[in-house]
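Colleague:
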Amino acid sequence: MRSRTRLAGLVAGISFLAVGSAQAVEIEYWQYVFDSRVKAMDQLIANFQEANPDITVKHVTFPYADYQTRVVAAKVAGQGPDVVQLFYGWLDNFVAGGLIQPLDPEIFPHEEIESDFFPIVSAMKRDGDYYGLPTAVRSLALFYNKALFEEAGLDPNKPPQTLDELVEAAKATVKRDDGGNITSAGITVAMEGQDHQWWREVLIRQFGGQPYSDDGKQVAYDDEAGLAATKFHAGLQTEHKVGLNGFMDEGQAAFRAGLAAMTIDGTFRLGAFESNPFEWGVTELPANADGMRSNYSSYFANAIGALSEGEELEAAQKFLAYISSPEAMEVWLETVGELPARKDVALTEKNLSDPTYGPFLKGLEYAHTTRFVDEAAQRQVMIDMENRIFLEGQDPAEALAQAAEEEQAILDKFYNK
Amino acid sequence: MTSVATQSGPARGAGLWDRLTIRTKRVVWAWAFLAVPIVFYAGIRFYPTFQAFWLSLTDWDLLRPASFIGLGNYEALFSDPLFWRVFRNTFTYLIIGTPVSLVIAFVVAYYLDRVRFMHGFIRALYFLPFLTTAAAMAWVWRWFYQPVPIGVINGFLGTVGLPAQPFLRSVDQALPAIMATAIWAGLGFQIIIFMAGLRAIPTTYYEAARIDGLGEWAILRKITLPLLKPTTVFLVVFSSIGFLRIFDQVYNMTTNDPGGPLNSTKPLVLMIYQTAFSSYDMGYAAAQTVVLFTILLIVSLMQLWVLRNRA
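Same order as they appear, the protein sequences are chains F and G. With the numbering used here as the guide, the letters of the first sequence map in order to residues 1 to 417. With the numbering used here as the guide, the letters of the second sequence map in order to residues 1001 to 1311.
(1) Need the endpoints of the alpha helix (DSSP H) that His1373(G) sits in, please.
(2) Could you give the first and the last residue of the continuous beta strand (DSSP E) run that contains His59(F)?
(3) When the Cα atoms are used, what is the spatial distance from Pro1065(G) to Val1086(G)?
(4) Between the Cα of Val167(F) and those of Gln237(F), Gly216(F), Glu201(F), spot the shortest distance and give me the residue it belongs to.
(5) With DSSP as the reference, label Met1271(G) as helix, strand or coil.
(6) Would the segment 125-135 of chain F and the segment 278-293 of chain F be scored as touching if the rule is three or more Cβ pairs under 8 Å?
(7) Consult DSSP for His233(F) and reduce its assignment to one of helix, strand or coil.
(8) Counting pairs of Cβ atoms below 8 Å between the segment 322-336 of chain F and the segment 397-405 of chain F, do you hit three or more?
(9) Counting Cβ pairs closer than 8 Å, one from the segment 1239-1258 of chain G and one from the segment 1216-1223 of chain G, do we hit at least three?
(10) Just grab the DSSP bridge partners of Thr1090(G) for me.
(11) My guess is that Leu133(F) and Ser297(F) are in contact by the Cβ rule of under 8 Å, so how many angstroms apart are they, rounded?
(12) Would Ala22(F) be called buried (16 or more neighbouring beta carbons within 10 Å of its own) or exposed?
(13) Could one say the Cβ of Gly1158(G) lies closer than 8 Å to chain F's Cβ atoms, at least one of them?
(14) Under 8 Å Cβ-Cβ, which residues of chain F neighbour Pro1163(G)?
(15) Can you tell which of Ala315(F), Ala321(F), Asp354(F) has the C-alpha that lies nearest to the C-alpha of Glu26(F)?
(16) When we look at the beta-carbon of Arg388(F) and count the other beta-carbons within 10 Å, is it buried (16 or more) or exposed?
(17) Determine the contact status of His368(F) and Glu201(F), defining contact as a CB-CB distance below 8 Å.
(18) What is the DSSP secondary structure of Ala1164(G), reduced to helix, strand or coil?
(19) Inspect the beta-carbon positions of Leu391(F) and Pro1261(G) and report whether they are closer than 8 Å.
(20) Determine the chain F residues that contact Asp1080(G) at a beta-carbon separation under 7 Å, and present them in chain order.
(21) With a threshold of 16 other CB atoms inside 10 Å of the CB of Phe1106(G), please say whether the residue is buried or exposed.
(22) Between Ala22(F) and chain G, is there a C-beta pair that is closer than 8 Å?
(23) Pick helix, strand or coil for Val25(F), following the three-state DSSP scheme.
(24) Which class does His368(F) belong to by DSSP, given the choice of helix, strand or coil?
(25) First and last residue of the beta strand (DSSP E) that includes Thr1254(G)?
(26) Thinking C-beta only, is Gly1197(G) closer than 8 Å to Trp1060(G)?
(27) Per the contact definition of three or more C-beta pairs closer than 8 Å, is the segment 172-179 of chain F in contact with the segment 330-342 of chain F?
(28) With a floor of 4 residues, list each alpha helix (DSSP H) that falls wholly inside the segment 1053-1111 of chain G, ordered by position along the chain.
(29) Between Ala409(F), Trp90(F), Asn416(F), Ala254(F), which has its C-alpha nearest Asp1080(G)'s C-alpha?
(30) Spell out whether any CB of chain F is found under 8 Å from the CB atom of Arg1116(G).
(31) Answer yes if the segment 1236-1254 of chain G comes into contact with the segment 1150-1159 of chain G, meaning at least three C-beta pairs across the two stretches below 8 Å, and no otherwise.
(32) Assign Phe138(F) to buried or exposed, taking buried as 16 or more other Cβ atoms, counted over all protein chains shown, within 10 Å of its Cβ.
(33) Note down, in chain order, every chain G residue with its Cβ under 9 Å from the Cβ of Met419(F).
(34) Exposed or buried, Gly266(F), counting other C-beta atoms within 10 Å across all chains shown (16 or more means buried)?
(35) Since Arg1085(G) meets chain F, which of its residues come closer than 7 Å, beta carbon to beta carbon?
And the structure:
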């Protein structure tokens, strides 16, 4: 009696295994939780599985705060994802930790990558190998509240195009109470938001400098240009008094609440701003007096996990190729609002003339990408620099010199490891 | 299979187990049950603790294998100005937070003990913050402290004609502002414990004192406080550990610039968290943890020694 049941069980087990291996290969895709990104990826996976019935993609997500730790912990435990999403700035750490493997140039030819994608894809290249491909890229733009512009007597269809016009528009739109407290900001002042990117890659260059040496290993902003950029940004609060750091807690919150006429933010904010109960517009980041513009671009890329091999590796390569395809980029643009990473998909007549996407896309053409080694720590240096000016009255030149020293220490620690 | 084994058990004759006395068997059983929590604790408490001591001597960064670097992390830590800043913050939370919260809790408990009108309701009001999630509470307070137009406190200051205060946006006011939230959050628990302590003092002492004609102040000083000492010792140690480990309130009230502005509110635990999970410098973070462990141990032992029973 017992042996018969056991036999039945054994048969069932074997047949299950057999079916399993004949049926499909399952791969895992990992990304962090962000509603619209998860939704877009679910749709891409459904499309991909329909076209490749023998492959199943398991979509695994983690909260952003734990994400990197999870990827690392999984590698230590010997079971990582097959395709994994990473911020371009994490690449050095991911490569050093052996978390991802280089893309096979047979399947992802370098010439094609370099001709089809925006040049910032080069941030995924190390020692002649590409380690990942982005689906979408992000850039910055100036968001402005048309209702507040109109109220201040400004033309809501003529947003500021230069830094001087920006200051003038901010002065016109700021509102204060009897005590002199700001009740509605002209422009948000928030290094902890996107302003540190604006300062680093845009303002410093517009004032004639550059943030880092060409190899990215040396801080290069401790000079006249850096000081001018710092004075301009801090001056929005200290000199022109058109914004206040911490007003409404966060810059994006102030803008959403209709209590800031302008804010600088990225493509990823489009979804959140969509439901704003007022009319708002987007324009390119203002140019300097000579008409020179700059922008900061960043992206999340998808890479292949170090532990993927055999038929799983093949499936992972297929999947990566699909989620970097023009079709996937269109889905991503529609669902998440992030710009396609391929030039021909992004720079279409339709997208360029789109009042929302247009300014971001134009920004991509002259955008720079910072090579971060520890993004959070490097951002903190900028936050602290401006806080010393705002809260402790430190001289901007001293604040800048100290920031340069602190950031150099972070770079040195990484590159001398 | 199992049934066969149990059946053949007695047939094997007097086994080792059968030769034991009932007393010994009882001890064996007791240890068998005790082993479960002991193994559990050893596995998830003691082992990681010792592991942390070991890690603090390495340069582990999660990604690359750890290599032994001796006391390098400790040297770096003690020469790091940030560590001393954080050290000072942590002790400010402790040295101001503990006495202030205990005095307030005692005064409230002392008078609440005498209130009969809506006693349960008032007690529940005080206890409510303790039940609330620290993160949610911190966010509410964070908005209280905002500048106008949304900050309630600044809105009030404005209406009575006082200048707006920066609170969390100031290197001087941020730490006290956060500490006030933490004190308020822990108050309910301390009040309940103090009230239990007050109720445990036999009323005959008070009656005798009143017959002898002692004033309220003397009764408080000579009877209530001395007899409340076990409760006080417990709360001092408990609350000190709480302030030394403060994290939730600080982190949630300063998420955009954790521990800021300019590290003026950063406690040791937040520094450990950032070192470990933002910079992935696990060895360095472990060294900080060992330092925190040592501080907690010394402070707790010192308090127990100072407040020990001299009887």
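Ideal Cβ placement from N, Cα and C applies to all residues, glycine included.
Modeller: On the basis of the coordinates in this document:
(1) Residue numbering for chain G in the displayed model covers 1001 to 1311; residue 1373(G) lies beyond these limits and cannot be assessed.
(2) 55-62
(3) 29 Å
(4) Gln237(F)
(5) helix
(6) no
(7) helix
(8) no
(9) Flag = no, the segment 1239-1258 of chain G and the segment 1216-1223 of chain G do not touch.
(10) BP columns for Thr1090(G) are empty, so no partner.
(11) That belief does not hold up - the Cβ atoms of Leu133(F) and Ser297(F) are roughly 15 Å apart, past 8 Å.
(12) Low confidence applies to Ala22(F): its pLDDT is 43, below 50, so where it sits in the model is not reliable, and the reading given next is rough at best. Answer is exposed; the Cβ neighbour count stays below 16.
(13) Taking Cβ atoms only, chain F reaches closer than 8 Å to Gly1158(G), which makes this a yes.
(14) Gly179
(15) Checked all of Ala315(F), Ala321(F), Asp354(F); the closest Cα to Glu26(F) is Ala315(F).
(16) buried
(17) yes
(18) coil
(19) Yes, Cβ-Cβ distance for Leu391(F) and Pro1261(G) is below 8 Å.
(20) Ordered by position in chain F, no residue passes the 7 Å Cβ test against Asp1080(G), which lies about 11 Å from the chain.
(21) buried
(22) Because the pLDDT of Ala22(F) is 43, which lies under 50, any placement of that residue in the model is unreliable, and the number read from its coordinates should be weighed accordingly. So, not an interface residue.
(23) In the structure shown, Val25(F) falls within a strand segment according to DSSP collapsed to helix, strand and coil.
(24) strand
(25) Unbroken run through Thr1254(G): none, as it is neither H nor E.
(26) no
(27) no
(28) Taken in chain order, the whole alpha helix (DSSP H) runs of length 4 or more contained in the segment 1053-1111 of chain G are 1072-1078.
(29) Ala409(F)
(30) Using a Cβ-Cβ cut-off of 8 Å, Arg1116(G) does not count as an interface residue toward chain F, since no Cβ of chain F sits closer than that to its own.
(31) The segment 1150-1159 of chain G is not in contact with the segment 1236-1254 of chain G.
(32) The question names Phe, but residue 138(F) is Arg in the sequence shown. So Arg138(F) counts as buried.
(33) Summary: the structure shown does not reach residue 419(F), with chain F confined to residues 1 through 417, and so no result is reported for it.
(34) Under a 10 Å Cβ-count criterion, Gly266(F) is classified as buried, with 16 or more other Cβ atoms of the shown protein chains found around its own Cβ.
(35) The premise fails here: Arg1085(G) is roughly 12 Å from chain F at the closest Cβ pair, so nothing lies under 7 Å.
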